[in-house]
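**Q**
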Amino acid sequence: LALAISATTAFAPSPALVRTTQALKAAESEVDFAELDGEGIRVGIIRTRWNKEYVDSLVEGAKEALLECNVKEDDIFIKEVPGSFELPLAARFLAMSGTVDAIICAGVLIKGETLHFEYISEAVSSGLMSAGLQTLTPIVFGVLTCLNESQVKARSMGQSNHGRDWGKTAVEMALLKREASGLNLGKGAEKLAEMGFGKSKVEESKERVGFF
Numbered sequence: 057l058a059l060a061i062s063a064t065t066a067f068a069p070s071p072a073l074v075r076t077t078q079a080l081k082a083a084e085s086e087v088d089f090a091e092l093d094g095e096g097i098r099v100g101i102i103r104t105r106w107n108k109e110y111v112d113s114l115v116e117g118a119k120e121a122l123l124e125c126n127v128k129e130d131d132i133f134i135k136e137v138p139g140s141f142e143l144p145l146a147a148r149f150l151a152m153s154g155t156v157d158a159i160i161c162a163g164v165l166i167k168g169e170t171l172h173f174e175y176i177s178e179a180v181s182s183g184l185m186s187a188g189l190q191t192l193t194p195i196v197f198g199v200l201t202c203l204n205e206s207q208v209k210a211r212s213m214g215q216s217n218h219g220r221d222w223g224k225t226a227v228e229m230a231l232l233k234r235e236a237s238g239l240n241l242g243k244g245a246e247k248l249a250e251m252g253f254g255k256s257k258v259e260e261s262k263e264r265v266g267f268f
């Protein structure tokens with residue numbers, strides 16, 4: 057027993073310290089982005105009114121990142137919905153309108169005493185993934201799913217504002233879609249067309265329908 061290592065020694069940090077370190081690491085961005093040029097990219101931000109204070113901050117972070125990537129202010133559109141459950145359908149409507157190159161869905165879910173949190177989190181994540189795959193429009197999952205308000209604050213405020221990552225992700229995925237569809241690729245466009253990428257003549261002739 058005398059040889060047992062105390063839980064608070066340098067070899068075995070206290071559980072409280074471990075939990076704190078893990079929480080801080082999880083709140084910080086671990087994604088590296090190359091220099092992105094989003095000139096000409098149009099981005100729609102669909103945000104919730106629920107948990108307004110935190111969502112406001114996340115949206116501001118996303119907008120700052122978009123502007124840093126050369127996305128013009130006039131090419132950033134914001135639409136509100138009541139809560140996170142409404143995000144997938146709104147994202148699908150916007151994607152089908154053909155007015156934007158990428159969509160950021162921003163919201164905050166905080167676990168309560170019932171299973172409501174689990175049901176909504178699963179439905180929203182699955183719904184947004186389906187909307188993106190079905191419409192071939194990049195849709196960024198910008199919904200914080202946290203166990204308490206402290207976790208939300210650590211991920212939506214200051215230097216750890218996850219909205220910034222979401223903005224850059226939207227630009228990167230919009231550029232990726234352009235590459236895959238043969239836009240701005242020169243000779244490579246013909247090869248991609250043979251592989252099934254690119255718009256048909258019917259799609260190119262369709263008039264774009266406004267959403268905002």
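Under our numbering, think of the first position of the sequence shown as 57, with each following residue one higher.
Think of the CB as a built atom: it goes at the ideal place given N, C-alpha and C, for glycine as much as any other residue.
Give the list of continuous beta strand (DSSP E) stretches no shorter than 3 residues that lie fully inside the stretch 90-171.
**A** The stretch 90-171 contains these whole beta strand (DSSP E) runs: 99-104, 132-137, 158-166.
**Q** Would you decide whether residue 170 is buried or exposed? Buried here means 16 or more other CB atoms lie within 10 Å of its CB.
**A** Translated into positions along the sequence shown, residue 170 becomes position 114. With fewer than 16 Cβ atoms within 10 Å of its Cβ, residue 170 is classed as exposed.
**Q** Using a C-beta cutoff of 8 Å, does residue 169 count as contacting chain D?
**A** No chain D is part of this structure, which consists of one protein chain only.
**Q** Which residue from 172, 214, 145 puts its Cα closest to that of residue 161?
**A** For the purposes of this step, residue 161 is taken as residue 105 along the sequence shown, with counting starting at 1. If we check each option's Cα against that of residue 161, 145 comes out closest.
**Q** Beta carbon of residue 99, beta carbon of residue 123: below 8 Å?
**A** Sequence index remark: in the sequence shown, residue 99 carries index 43 (1-based). Sequence index remark: in the sequence shown, residue 123 carries index 67 (1-based). Cβ distance not < 8 Å, so residue 99 and residue 123 don't count as in contact.
**Q** Between the C-alpha atoms of residue 101 and residue 141, what's the straight-line distance to the nearest angstrom?
**A** Here residue 101 refers to the residue found at position 45 when the sequence shown is read from its first residue. Here residue 141 refers to the residue found at position 85 when the sequence shown is read from its first residue. One C-alpha to the other measures close to 15 Å.
**Q** Classify residue 193 as helix, strand or coil using the three-state DSSP reduction.
**A** The count along the sequence shown starts at 1 and reaches residue 193 at position 137. Residue 193 falls in the coil class under three-state DSSP.
**Q** Provide the residue(s) that pair with residue 198 in DSSP beta bridges, ordered along the chain.
**A** Walking along the sequence shown from the start, residue 198 turns up at place 142. Answer is 162.
**Q** Can you give me the start and stop residues for the alpha helix (DSSP H) that residue 215 sits inside?
**A** Position 159 of the sequence shown holds residue 215. Per DSSP, residue 215 belongs to no alpha helix (DSSP H) and is neither H nor E.
**Q** In three-state DSSP terms, what is residue 18?
**A** Any question about residue 18 goes unanswered here, given that the chain covers just 57 to 268.
**Q** Can you tell me which of the three DSSP states residue 223 falls into?
**A** Residue 223 sits at position 167 when you count from the first residue of the sequence shown. Looking at residue 223 - three-state DSSP - the assignment turns out to be helix.
**Q** Quick one: Cα of residue 147 to Cα of residue 190, how far?
**A** Walking along the sequence shown from the start, residue 147 turns up at place 91. Walking along the sequence shown from the start, residue 190 turns up at place 134. Rounded to whole angstroms, residue 147 to residue 190 spans 11 Å at the Cα level.
**Q** Rounded to whole angstroms, how far is the Cβ of residue 184 from the Cβ of residue 173, which I believe are closer than 8 Å?
**A** Counting from one through the sequence shown, the residue named residue 184 turns up at place 128. Counting from one through the sequence shown, the residue named residue 173 turns up at place 117. Between residue 173 and residue 184 the Cβ distance is about 17 Å, and since that is not below 8 Å, they are no contact.
**Q** Going by C-alpha distance, which of 222, 234, 233 is nearest residue 89?
**A** To locate residue 89, count along the sequence shown from 1; it is residue 33. When each option's Cα is compared against that of residue 89, the closest is 222.
**Q** Could you pull out every residue in the same chain whose Cβ sits closer than 7 Å to the Cβ of residue 187, ignoring the five residues on either side in sequence?
**A** Along the sequence shown, read from residue 1 onward, the residue named residue 187 stands at position 131. 144, 147, 148, 151, 195.
**Q** For residue 207, name the three-state secondary structure that DSSP assigns.
**A** Stepping through the sequence shown from its first residue, residue 207 is reached at position 151. In the structure shown, residue 207 sits in a helix (DSSP, three-state: H, G or I).
**Q** Three or more C-beta pairs under 8 Å: does that hold for the stretch 200-219 against the stretch 127-137?
**A** Result no; under three Cβ-Cβ pairs closer than 8 Å.
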